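A quick write-up on the structure given underneath.
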Amino acid sequence: MATEIRIGVSACLLGEKVRYDGGHKHDRYLTRAVGPFVTFVPV
85 MATEIRIGVS ACLLGEKVRY DGGHKHDRYL TRAVGPFVTF VPV
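When we follow my numbering, the leftmost residue of the sequence shown carries the number 85, and every step to the right adds one.
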């Protein structure tokens with residue numbers, strides 16, 4: 085059985101609007117290429 089890989093990532097990189105200006109900096113490479121293999125923990 086595979087072990088779950090958890091990675092702490094800034095919430096704004098995951099597309100959450102938590103930046104000082106009310107926006108985000110969604111990183112599609114991060115969520116599309118890496119996302120299927122890990123569980124992100126927003127910080």
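Each residue gets a CB set at the ideal place from its N, CA and C atoms; glycine is no exception. Please read all numbers here as calculations on a predicted model, not as lab measurements.
Could you check if F124 belongs to the surroundings of the ligand NAP, using beta carbon to heavy atom distance under 6 Å? Absence of the ligand NAP is noted for the structure shown, with no ligands found whatsoever.
Which value, in whole angstroms, describes the spacing of the CA atoms of V122 and K101? The residue you call residue 122 lines up with position 38 of the sequence shown. The residue you call residue 101 lines up with position 17 of the sequence shown. The alpha-carbon atoms of V122 and K101 are separated by roughly 22 Å.
Express the C-alpha separation of A86 and A117 in angstroms, rounding to a whole number. Within the sequence shown, the letter at position 33 stands for residue 117. Within the sequence shown, the letter at position 2 stands for residue 86. Cα-Cα distance, rounded: 19 Å.
In terms of DSSP beta bridges, what is T92 paired with? Taking the first residue of the sequence shown as position 1, residue 92 is located at position 8. Thr is not the amino acid found at residue 92; the sequence shown has Gly there. In the DSSP output, where bridge partners are listed per residue, G92 has V125.
Relative to the C-alpha of G106, which residue among A95, R112, T115 is closest? For the purposes of this step, residue 106 is identified with residue 22 of the sequence shown, where counting begins at 1. Minimum Cα distance to G106 is reached at A95.
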